[in-house]
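Presented below is the structure to which this report refers.
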Amino acid sequence: MIVRRALFAMGTRFEIALAGEGERALGDVAEAALAEIGEWDRRLSVFRQDSLLAHVNRTAGARPVRLDEDTFGLLRACLAVHRASGGAFDVTIGPAMRALGFHDAAAPACPGAAGAFFIGSDGLLRDEEEHSVRFARPGMALDLGAIGKGHALDLAERVVRQANGAVQAALLHGGTSTIKAIGRPPGKEGFDVAVRLPAPAGGAGPGRFARVTLADESLSVSGRFGRWLEQDGERLGHVIDPATARPITGGAALAAALSRSARESDAWSTALIALGRRPPALGPEVTSLIVPLDQAGAARAEESRAAGDRAAAFHCWESQ
Amino acid sequence: MNETTRRLFLQQAGGAAALALMPALAGRTLVLDEPLQVAVVGAGRQGRAILAELQKIEGLAVAAICDSDASRLESGARRAPGARPFADHRELLAESGGLAAVIVATPTHRHREVAEDALAAGRHVYCEAPLAATIADCQAIVAAAARSGRVCQAGLTGRSNPIYKLAHSFLRSGAIREVVALRAQNHRKTSWRTPAADPAREREVNWRLDPEVSIGLAGECGTHQFDVAHWFHGKYPRRVRGTGAIRMHQDGRELADTVQCTLSFEDGVELIYDATLANSFEGQYEQVAGTMGTIKLCGTAGWLFKEADAVTQGWEVYANRQQFHNEEGITLIADATKLAAQGKLKEGIGLPHPPLYYALEDFVKSVAAGAPLACQAAEGLRAAAVGILADQAVRSGATVEIDPSLFEED
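Below, the structure written as C-alpha cells:
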C-alpha cells in the first residue's frame, strides 16, 4: 500500500509517499519525516525571527556561534560546493537577497541590508573543534534558500531509514524542485521522474522533457526564474551572482543535478545554472544536465548535455 | 583575498561610513567565567528542542545527555557536540562531578524519579511541564525541591516569554479592565505517535497515548495554557468539566484526540479550552477578554484588541497594527517605546528566539546569578494539577471539583 502526507514548509509544499505494509506504521513514519522537515524549516528560515539562521545572522558578526552537528555539517557542505563551483554557489548572499526584495517585510533584520554588506563564503569562518562559525566582518548574513530544502530532505530520509521494517520504498519532494527516492518500487528499476525543459524563445515548438529513473538518489532542478520578482519593469530571477550581488545574467536556461544526497543536488543545481557549464572540480558522483542559452538568451533544449557517472540515465524526448 | 568570491558591496553613500564605525572584530575578546555545566535527561523531540536552545546561551556547556533509547540518544548527541552520553540518569549523576544543573525532559510520568534524584544529588533542576502525571508526584517534586534548597524551575514557558510578560503588564495596568472570559486552544494535525525502531518499545515510545500513564491533551497541552490563565487572571479554577472523543485517529487508541474543557474560576469567570489532534486551524493561543479589550497570545506573537470606548494611550499613535477580518490588533512588541524612537518598531515584531529559550535563559540566570525564579515548582504543581483534573473530567464526562488547598501558599 501507499501512504501520502504533505506539509507546507520553506515556502513550498513538501510531499512524501511511502510504499510498504501497514497503514498506521507507514503513516507514523511519514508524519515523523515531515515533522523533521518542519523542524528544519523553523531552524533555517530567513523569514522567521526565532530561527537558528536568524540567530546566526544576528550574532556571528560579533562572536562565534556554536552549532549542532547537522547544521555545522550543512555549512561544511555549503563551503565545499562554494569551492568546487569557483564561488558561483555562495550562501553569504543573504544581504543581496534582502536588498533585492526576496525577503518579505516581516523577515528579521538582516545585517548589512541597509548599509554596506559583504558577500563571500571565505568570510564564513569555521572552528571545527568548537563546532562554531563566525563572520570575518560585519555586514554578512546567510541565506540557505539554495540548499535548505535538500538538507531537510536528507534528514527526512534518515528518519525513514531509521524506521526500518514498514517502509519498502519512498519518494519525497520539496516543491518539485528537489526530489529524493529511497529504495525503488517493487519489481522496478526505480521511480521515473520527468523534467520539463524550457521552451525556446517565444515558447513555440514541441515540449521537451528529460526523463530519469531514480533509486536511492536525489534530483534537483533549477530554473533562472524559479522564483522571481519584478522591479522597475525588469524581471529579477532568484539566482544571485555572488560577484555582482545581482541576479545572474548569463548561466544556463535550466540545470539539473543528480546525486546521492539531496543537499548536494540542491546546491549543485543552483551552482550549475549560475555557471552555465560543468566546472572541472565537480566530481563524477554528481551528474549534471545543463540546458544552455544561446546568444539571444533563448533556451537550447536540443543541445542539453548530461555529464557525470549517471549521465546515461537522462533520456530526452519531445512531446507530440 | 579572492576577488571573484569576496567582495564588499556599498549600497549607498552612507554605507562606507557605517562600516568604518563598526568595531574591529579581531581586537575583541570574549571573557567567560567557567562555563556552567548542565545535563539534559530525555532526548526526545522536547529534549532536542532544549538542546538547540541551550547551544545559544553563552557561558553554558551541555556536559552530558541521557536517554534510555539508543537512537534518541544518538540524535540528541548530534545536538550537543562534546556531551557525554548516558543511558541511565543515575549513572549520569554519579559520574558528572562538575554538573550544576539537570534539565528533565523525560516522558511526564518519568519526571519525578529524575527530578528527585538530581535534587538529592545537589543539582539544580529545570523540569518540563507538566511537572508530573499525578498530583502526588508533583507534590513529591515540590517537597524534594524544598528539602534540597536548590533552584527548581517548572518549564511553563509563558512565565518567561517577553511578549507574555508585556501583555501581563498591560493587563495589570488596566488595559482591558475587568476580565470577563478566558479562552485557549491547541489545534494540531498529528497522530501524536512516534515510529518505534524497536517494536518492543512501541508502547513506551508512544507514552502520550498510553491511558495508564498519559494525562491526555488536557494534561499534556492544557497545563501550559491553564498556567497562562492562572497567571493572567491571578486566580485558580474551582471546578472543571470536560468532554472528549476520537474524531480522526481510529488507530486503536483509547485517549480522545479532540477535547473540550470548561474551567470555572473562583470569581465565576470561565476558561473555555479546546484541543485537537485532528485540525491545525489557528494552532495554539490564549485569549483574555475584558470589558475594554481583548488580549490574544500565540507563543511568539501577541495582540491587544481594544473596545471602541477604551481610552486611547499616547503610544498607540506609533503602534504597529494588524488586521484580522473585522478586528484590528495592536501588535505587542517588547521594548516598543525604544524601538519606536529608533524607527525600528517593525523589527521588534515577533520574538528573536522560541519561547523555550527564554525559560531556559531565566533558569540559567537563577542558577548562575541567583535571579528570582521565573516559575516555582509549586506553580508547576498547580498548573499540572489542573491539567490532571481536566483530563479526569474529559475521561469521565463528569464535573471534577478542584481542592482549593492545592493552591495554598506554603
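Read top to bottom, the protein sequences are chains A and B.
Take 951 as the starting number for the first sequence in this note's numbering and just add one per residue.
Take 16 as the starting number for the second sequence in this note's numbering and just add one per residue.
The C-beta atom is built at its ideal place from N, Cα and C for all residues, glycine as well.
Between the region 203–218 of chain B and chain A, which residues of the former have a C-beta closer than 9 Å to a C-beta of the latter?
-> For the region 203–218 of chain B, which is checked against every Cβ of chain A, the residues closer than 9 Å are Thr205, Ser206, Arg208, Thr209, Pro210, Ala211, Ala212, Pro214.
Can you list, in chain order, the stretches of the beta strand (DSSP E) that have 3 or more residues and sit fully within the region 218–275 of chain B?
-> Look at the region 218–275 of chain B and you find these whole runs of beta strand (DSSP E), each 3 residues long or longer: 252–260.
Separation of Val1110(A) from Gly209(B), as counted between CA atoms | Reading off the sequence, residue 209(B) comes out as Thr, not Gly. Their Cα atoms are separated by approximately 12 Å.
DSSP-derived helix/strand/coil call for Arg43(B) = Because the pLDDT at Arg43(B) is just 30, under 50, the model does not fix this residue reliably, and the value given afterwards should be weighed accordingly. In the structure shown, Arg43(B) sits in coil (DSSP, three-state: anything other than H, G, I, E or B).
Report yes or no: do three or more beta-carbon pairs, one from the region 1025–1035 of chain A and one from the region 96–103 of chain B, lie closer than 8 Å?
-> Touching, no.
CB of Ala1160(A) within 8 Å of CB of Ser1254(A), strictly | Taking C-beta atoms as the reference points, Ala1160(A) and Ser1254(A) count as a pair closer than 8 Å.
Do you know how far the Cα of Val996(A) is from the Cα of Val220(B)?
-> Near 33 Å, if we compare the C-alpha coordinates of Val996(A) and Val220(B).
Residues that Gln200(B) contacts on chain A, provided the C-beta gap is smaller than 8 Å | Within 8 Å Cβ-Cβ: nothing; Gln200(B) doesn't reach chain A, min ~20 Å.
Please check if any C-beta of chain B sits within less than 8 Å of the C-beta of His1123(A).
-> Not closer than 8 Å to any Cβ of chain B, the Cβ of His1123(A) fails to qualify, so no.
Rounded to a whole number of angstroms, what is the C-alpha to C-alpha distance between Thr1163(A) and Ala1263(A)?
-> Cα to Cα, Thr1163(A) sits roughly 7 Å from Ala1263(A).
Counting only beta-carbon atoms, is Gln1245(A) nearer than 8 Å to chain B?
-> No - not a single Cβ of chain B is within 8 Å of the one on Gln1245(A).
Measure from the alpha carbon of Leu1094(A) to the alpha carbon of each residue in Arg1076(A), Leu1122(A), His1053(A), then state which is nearest.
-> Nearest of Arg1076(A), Leu1122(A), His1053(A) to Leu1094(A), Cα basis: His1053(A).
Please check if any C-beta of chain B sits within less than 8 Å of the C-beta of Leu1002(A).
-> Yes, its Cβ sits closer than 8 Å to a Cβ of chain B.
Proximity test, Cβ basis, 8 Å: Asp266(B) and chain A | With 8 Å as the cut-off, Asp266(B) counts as an interface residue toward chain A.
Indicate the three-state DSSP secondary structure (helix, strand or coil) for His1053(A) in the structure shown.
-> His1053(A): coil per DSSP, three-state reduction.
Count the CB pairs spanning the region 374–387 of chain B and the region 327–339 of chain B that are closer than 8 Å, and state whether there are at least three.
-> Result no; under three Cβ-Cβ pairs closer than 8 Å.
Whole alpha helix (DSSP H) elements within the region 1067–1146 of chain A, 4-residue minimum | Those alpha helix (DSSP H) runs which fall completely within the region 1067–1146 of chain A and span 4+ residues are 1098–1112.
On the three-pair Cβ rule with 8 Å, is the region 1084–1093 of chain A touching the region 1041–1052 of chain A?
-> Under the three-pair Cβ rule at 8 Å, the region 1084–1093 of chain A counts as touching the region 1041–1052 of chain A.
Over the uninterrupted alpha helix (DSSP H) stretch that includes Gln999(A), give me the two end residues.
-> For Gln999(A), no alpha helix (DSSP H) segment is defined, and its DSSP state is neither H nor E.
Specify the secondary structure class of Thr962(A) as computed by DSSP and reduced to three states.
-> Three-state DSSP puts Thr962(A) in a strand.
With 7 Å as the limit, tell me which residues of the region 44–78 of chain B have their beta carbon closer than that to any beta carbon of chain A; keep them in chain order.
-> Those residues of the region 44–78 of chain B that come within reach of chain A (Cβ to Cβ, closer than 7 Å) are Leu45, Ala67, Gln70, Lys71.
Minimum C-alpha distance to Ala115(B) - residue among Gly412(B), Arg60(B), Ala383(B), Ser229(B) | Looking at the Cα atoms, Ala383(B) is the closest of the given residues.
Can the beta-carbon of Ala364(B) be found closer than 8 Å to that of Ile345(B)?
-> In the sequence as presented, Ala is not what sits at residue 364(B); that position holds Ile. At least 8 Å separates the beta-carbon of Ile364(B) from that of Ile345(B).
For Gly970(A), is the classification buried or exposed, using 16 other Cβ atoms within 10 angstroms of its Cβ as the cut-off for buried?
-> Per the 10 Å Cβ criterion, buried.
The region 137–147 of chain B / the region 224–239 of chain B touching (three or more Cβ pairs under 8 Å) = Touching, per the Cβ criterion.
So with Cβ pairs under 8 Å, would you call Pro96(B) a contact of chain A?
-> Contact of Pro96(B) with chain A is assigned, a C-beta pair being separated by under 8 Å.
Using a Cβ-Cβ distance under 8 Å, would Thr327(B) count as near chain A?
-> Not an interface residue.
Return the CA-CA distance between Leu1024(A) and Gly1140(A), expressed in angstroms with no decimal places.
-> Taking the straight line joining both Cα atoms gives about 27 Å.
Looking at the C-beta of Glu1252(A), does it have a partner C-beta in chain B at a distance below 8 Å?
-> No, Glu1252(A) does not count as interfacial toward chain B.
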